[in-house]
Every structure is written in structure tokens, then in C-alpha cells.
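> This structure is in C-alpha cells; I'll ask about it shortly.
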Amino acid sequence: MPKPILIWPDKVLSTRTRPVTEFGPALDPLLEEMMESLRAAEGIGIAANQIGVPLAIAWVGREDGTFFEIANPVVLEKSEPVSFEEGCLSVPHEWEQTPRFAKVRVRYQDRTGAFQELAAEGRLAHVLQHEIDHLEGTTFVDHLSQLKRGLMRKRMQKLQKDRAAEAAGGHVHTDDCDHD
Numbered sequence: 012m013p014k015p016i017l018i019w020p021d022k023v024l025s026t027r028t029r030p031v032t033e034f035g036p037a038l039d040p041l042l043e044e045m046m047e048s049l050r051a052a053e054g055i056g057i058a059a060n061q062i063g064v065p066l067a068i069a070w071v072g073r074e075d076g077t078f079f080e081i082a083n084p085v086v087l088e089k090s091e092p093v094s095f096e097e098g099c100l101s102v103p104h105e106w107e108q109t110p111r112f113a114k115v116r117v118r119y120q121d122r123t124g125a126f127q128e129l130a131a132e133g134r135l136a137h138v139l140q141h142e143i144d145h146l147e148g149t150t151f152v153d154h155l156s157q158l159k160r161g162l163m164r165k166r167m168q169k170l171q172k173d174r175a176a177e178a179a180g181g182h183v184h185t186d187d188c189d190h191d
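Residues 12 to 191 in my numbering are what the sequence shown lists, from first letter to last.
In C-alpha cells:
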């Protein structure tokens with residue numbers, strides 16, 4: 012069953028994650044929960060802290076639709092800065108231009124603990140940087156102006172309140188309601 016994805020500005024999302032120290036079968040249940048949540052949300056990447064687990068591990072989506080996991084990633088090289096339109100499962104329905112690097116080279120560990128290196132560009136580089144930011148306690152919102160962050164914070168706090176009301180069995184009135 013998918014775990015709920017935390018909504019920014021939840022404090023867990025702004026806290027740096029702990030390094031993964033135990034690899035192998037011990038990671039399988041967490042990776043499975045993360046993938047279930049990612050698929051349910053139809054995302055292209057998810058970090059463990061987005062489901063409330065403060066470990067430095069994430070799933071990253073390739074352009075061919077497959078995924079791979081990265082643990083304890085470090086950006087070794089980066090190229091010229093570019094801007095990408097970016098969204099986030101923890102900031103639903105919001106998209107903003109976000110500064111990233113066109114190419115990155117990343118060192119990480121896979122689920123067995125083996126070290127891997129990957130040179131990426133385009134969308135893959137973008138997703139890697141986004142997920143690594145999550146593991147460092149940063150969201151794409153942190154790259155925005157103070158004004159945009161403030162407006163987004165209000166919208167996300169309303170969304171959190173609406174979801175809490177729905178979970179408690181209440182009804183959330185919207186512009187689409189045909190009653191008072």
C-alpha cells in the first residue's frame with residue numbers, strides 16, 4: 012500500500028537525511044514502499060524523506076520509464092546552469108522555472124552498497140538534482156523568490172488543511188460545489 016507523500020512545508024522535507032549504512036535485503040521494504048508511492052502518484056522520482064523516512068535514498072526515473080535507486084549520492088561535476096520547469100510530488104499542482112545544471116556526474120551507492128558513477132544530461136540530470144536536493148533537505152521551492160515561496164506556502168497549507176478535513180470525514184467546499 013502506498014505511503015502518503017508529505018506536503019511542503021512539512022519540516023521533514025527541510026531536514027537533511029541520514030546516510031544509508033545498511034544495504035542489501037534490509038533496504039527492500041523501504042524501496043518497495045517508495046516505489047508504490049511513486050507509482051500511485053505517477054511521478055518520475057521520489058526521495059525517502061517524502062514518505063517520512065529521513066534516509067539518503069531515492070528512486071530516479073529514466074526517460075525510457077525505468078527507475079533506479081541512488082543512496083548517499085554526491086555530485087562530482089556539474090556543467091553550465093540552465094533553467095527547467097519543475098514540479099514536485101510534495102508540492103502538487105505547482106510548476107516553476109528552477110535553476111539546475113545541464114549535465115552532472117554523480118557518485119552513489121546502489122541497493123547492494125556498491126559504488127556507481129553516472130554522467131547524466133537533460134531530463135535525467137534534472138531528476139537527479141531534484142532528488143539529491145530532497146536528500147539535502149531542499150525542495151525546488153527553496154530556489155524561488157521569497158514572494159513566490161510565500162504564495163506557494165499559503166496554497167500548500169490550505170491543501171494540507173483540506174486533506175486533513177477530508178481524512179476526518181469532512182467535506183471541503185470548492186468552487187465546483189453546487190451547495191452552500
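Note that beta-carbon positions come from the ideal geometry of N, C-alpha and C, so glycine has one too.
Owing to the predicted nature of the structure, the values given are computational and were not obtained by experimental measurement.
Cα-Cα, which of G35, E33, F79, K22 is closest to M45?
Walking along the sequence shown from the start, residue 45 turns up at place 34. Checked all of G35, E33, F79, K22; the closest Cα to M45 is F79.
> In or out: H104 buried (at least 16 other Cβ within 10 Å) or exposed?
For the purposes of this step, residue 104 is identified with residue 93 of the sequence shown, where counting begins at 1. With fewer than 16 other Cβ atoms within 10 Å, it is exposed.
> Sort Q140, R134, Q157, M12 by Cα distance to D75 and report the nearest one.
Mapped onto the sequence shown, residue 75 falls at position 64. Taking only the C-alpha atoms, the option nearest D75 is R134.
> Which term fits M167, buried or exposed, when burial requires 16 or more other beta carbons within 10 angstroms of its beta carbon?
Your numbering for residue 167 matches position 156 in the sequence shown. Buried.
> Tell me where the alpha helix (DSSP H) around H137 begins and ends.
Start at 1 with the first residue of the sequence shown, and residue 137 comes out as number 126. Segment 133–146, the alpha helix (DSSP H) holding H137.
> If we count Cβ pairs, one from each stretch, closer than 8 Å, do we get three or more for the segment 29–49 versus the segment 57–71?
yes
> Going by beta carbon distance, what residues of the same chain come within less than 6 Å of V117, once the five residues before and after it are set aside?
As a working mapping, residue 117 is identified with position 106 in the sequence shown. P84, V86, L129, L139, listed in sequence order.
> Give a yes or no on contact between the segment 109–123 and the segment 89–100, applying the rule of three or more CB pairs nearer than 8 Å.
yes
> Nearest by alpha-carbon distance to K165: which of K14, L41, D21, R27 is it?
Indexing the sequence shown from 1 puts residue 165 at position 154. Nearest of K14, L41, D21, R27 to K165, Cα basis: D21.
> Along the chain, where does the alpha helix (DSSP H) containing G161 start, and where does it finish?
One-based indexing of the sequence shown puts residue 161 at position 150. From DSSP, the alpha helix (DSSP H) with G161 extends over 157–178.
> Under the DSSP definition of a beta bridge, which residues are partnered with F34?
For this step, residue 34 is matched to residue 23 along the sequence shown. For F34, which the question treats as bridged, DSSP gives no partner whatsoever.
> Would you identify the three-state DSSP class for K192, choosing helix, strand or coil?
Because the chain is modelled from 12 through 191, residue 192 falls outside the range shown and cannot be assessed.
> Where in the segment 56–101 do unbroken runs of the beta strand (DSSP E), each at least 3 residues long, occur, reported from the N-terminal end onward?
56–58, 68–72, 78–89, 92–99
> Given T193, which residues of its chain have a CB within under 6 Å of its CB, disregarding the five upstream and five downstream residues?
The structure shown does not extend to residue 193, since the chain is modelled only from 12 to 191, so the question has no answer here.
> Taking the alpha carbon of D173 as the point to measure from, which residue in F151, M12, I18 has its own alpha carbon closest?
Position 162 of the sequence shown, counted from the first residue, corresponds to residue 173. Answer by Cα proximity: I18.
> May I ask which residues mark the beginning and end of the beta strand (DSSP E) holding R50?
Sequence index remark: in the sequence shown, residue 50 carries index 39 (1-based). Segment 39–52 is the alpha helix (DSSP H) holding R50; no beta strand (DSSP E) there.
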